[in-house]
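Asks:
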Amino acid sequence: MGEVSGRHLPQEKVSDRERPKSTEIELRFWGARGSIPTPVPENLGYGGNTACLEVRLPEGESFIFDGGTGLRELGIEIASAHSASPAGAPHTLHLFLTHFHWDHVQGIPFFAPLYTAGNEVKFYSSHPAERLRNILSGQMATPYFPVQFEFLAAKMSFGHVGRAPVHFGDLRVSTFPMNHPQGASGYRIEFRDSVLIYASDLEHGKPEFDAILREAAHGADMLVYDAQFTPEEYPSRVGWGHSTWLEATRVAKDAGVKKLILFHHDPGHDDAFLSDIVQQARKHFPATQAAREGLCLRVGG
Ligand SMILES: [Zn+2]
Ligand SMILES: [Zn+2]
């Protein structure tokens, strides 16, 4: 479960990476910022791109969670790996969405694999498939984007993931509801004996949702959690749909997870501020670190 690479720039290529062991998930962050991209110099240690995670299996298959602006860089890497592959075989990609706030979908129109005929991109959410298609199409409707969703070259399909796991070989993916304006879904991602929980965006404090999260995260190897606010900031941001680093440590302890990753960093929290948050959080839950662009972690195994 150790850190594979802490470098921000330059990023290693997927094809150059050592493959995870047969029971491990490899998790890579392409965007860790919340709300809006903030590519200001003082934020670049943790990164300015918004939510995008890649889960890579030992056999090399990739599964993507959220399509914030970090998705653009991942798409470039996938496209270049694809063009370098000897057979030039078409790619099938799986993209799971927590919800449709801009910071989770803004990279989709800039996702290079969507513009290549022969690729297949499968989108999933906790909504019915037809509603998911309509939402994604609406994001690119006139006058918001010059290319309409229906004219993208890749084959696209749409699926629903609910509380019961959907199987992709040995990978099992399920959702759980979270307290967030207009709703959001957390993901429980299981591969053989390894368990990863992706819980962003959510606000703590509603007992029924707090209980669902703790049950979903019980005993997980890793919890990626919405830690946008400090406990001092939170009282003036109640109802905004986000949580705190202190609540993150409480969930990690209650659920008995092995490792906690603070995620969805506030646009106003620069590198120095976030590093200080990590130090504070470690006093409550030592196995804590903060997500940053390019961070690659082994989960389970
Ligand atoms: Zn968000
Ligand atoms: Zn949101």
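For what it's worth, numbering that gives the first Met the number 0 labels the leading residue of the sequence shown as 0, then goes sequentially. Just so it is clear, CB atoms sit at the ideal spot from N, CA and C, and this is done for glycine as well. This one's a predicted model, so the numbers in the text were calculated from it and none came from an experiment.
Based on the DSSP secondary-structure assignment, which residues constitute the bridge partners of F175?
Replies: DSSP, once it has assigned bridges, lists G185 as partnering F175.
Asks: Using DSSP with H/G/I as helix, E/B as strand and the rest coil, what is V334?
Replies: This structure cannot speak to residue 334, because the chain is shown only from 0 to 300.
Asks: Taking the continuous beta strand (DSSP E) assigned at G299, which residues delimit it?
Replies: Where G299 is concerned, the enclosing beta strand (DSSP E) stretches over C295 to G299.
Asks: Helix or strand or just coil, what does DSSP make of H7?
Replies: Because H7 sits at a pLDDT of 42, beneath the cut-off of 50, its placement in the model cannot be relied upon, and the point is left open.
Asks: Give the single residue among F262, A247 and H264 whose Cα lies nearest to the Cα of V256.
Replies: It is A247.
Asks: For the pair the region 29-47 and the region 251-270, tell me if three or more CB-CB distances fall below 8 Å.
Replies: Counting Cβ pairs under 8 Å, three or more are found: they touch.
Asks: If we call anything under 9 Å between Cβ atoms a contact, is I304 one with L94?
Replies: The chain is shown from 0 up to 300; residue 304 falls before or after that span and cannot be answered.
Asks: Just curious, the alpha helix (DSSP H) that G69 is in, first and last residue?
Replies: G69 -> alpha helix (DSSP H) spans G69 to A83.
Asks: Taking the alpha carbon of D192 as the point to measure from, which residue in D220, A116 and N178 has its own alpha carbon closest?
Replies: Checked all of D220, A116 and N178; the closest Cα to D192 is D220.
Asks: Given the structure, does S199 come close to ligand 1, in the sense that its CB is under 8 Å from one of the ligand's heavy atoms?
Replies: Yes, ligand 1 has a heavy atom inside 8 Å of this Cβ.
Asks: Looking only at C-alpha atoms, which of F175, H179, F284 and P206 sits nearest to Y197?
Replies: Checked all of F175, H179, F284 and P206; the closest Cα to Y197 is F175.
Asks: For the region 236-246 against the region 277-288, are there 3 or more C-beta pairs whose distance is under 8 Å?
Replies: Because the criterion of three Cβ pairs below 8 Å is met, the region 236-246 and the region 277-288 touch.
Asks: So, for F157: in the same chain, excluding its five sequence neighbours on each side, which residues have a beta-carbon less than 6 Å away from its beta-carbon?
Replies: Here the set comprises F122, A128, L131 and R132.
Asks: When you compare the CB positions of P112 and V120, do they come within less than 9 Å of one another, or not?
Replies: A contact, by the Cβ cut-off of 9 Å.
Asks: Looking at the secondary structure, which residues open and close the beta strand (DSSP E) in which L195 lies?
Replies: Counting along the chain, the beta strand (DSSP E) containing L195 begins and ends at S193 to A198.
Asks: In terms of residue numbering, what span does the alpha helix (DSSP H) encompassing Q279 cover?
Replies: That run of the alpha helix (DSSP H) goes D270 to H283.
Asks: Whole beta strand (DSSP E) runs in the region 84-114 with 3 or more residues, listed along the chain?
Replies: Listed in chain order, the complete beta strand (DSSP E) runs (minimum 3 residues) inside the region 84-114 are 91-95.
Asks: Just curious, the beta strand (DSSP E) that I260 is in, first and last residue?
Replies: It spans K258 to F262 - the beta strand (DSSP E) in which I260 sits, taken as one unbroken run.
Asks: One question on the structure: do H98 and D200 come within less than 9 Å of each other, judged by their Cβ atoms?
Replies: Cβ distance < 9 Å, so H98 and D200 count as in contact.
Asks: Does the distance from the CB of G299 to the CB of F190 come in under 9 Å?
Replies: Result yes, Cβ atoms of G299 and F190 sit closer than 9 Å.
Asks: Around the C-beta of P230, are 16 or more other C-beta atoms found within 10 angstroms, so that it is buried, or is it exposed?
Replies: By the 10 Å Cβ count, P230 comes out exposed.
Asks: Under the criterion of a Cβ to heavy atom distance below 8 Å, does A50 qualify as lining ligand 1?
Replies: Indeed, a heavy atom of ligand 1 lies less than 8 Å from the Cβ.
Asks: Suppose the cutoff is 7 Å on Cβ atoms and the five residues either side in sequence are ignored; what does the same chain contact list for A183 look like?
Replies: Within the same chain, A183 has close Cβ partners T97, H98, M177, D200 and L201.
Asks: Flag A226 as yes when its Cβ comes closer than 8 Å to any non-hydrogen atom of ligand 2, and as no otherwise.
Replies: Checking every heavy atom of ligand 2 against the Cβ of A226, none is found closer than 8 Å.
Asks: Whose C-alpha, out of G218, G293, D65 and V277, is nearest the C-alpha of T287?
Replies: Per the Cα distances, V277.
Asks: Consult DSSP for K12 and reduce its assignment to one of helix, strand or coil.
Replies: Here the model assigns K12 a pLDDT of 49, short of 50, so the residue's position is not dependable and the matter cannot be decided.
Asks: Can you give me the C-alpha to C-alpha distance between T115 and Y233, rounded to a whole angstrom?
Replies: One C-alpha to the other measures close to 44 Å.
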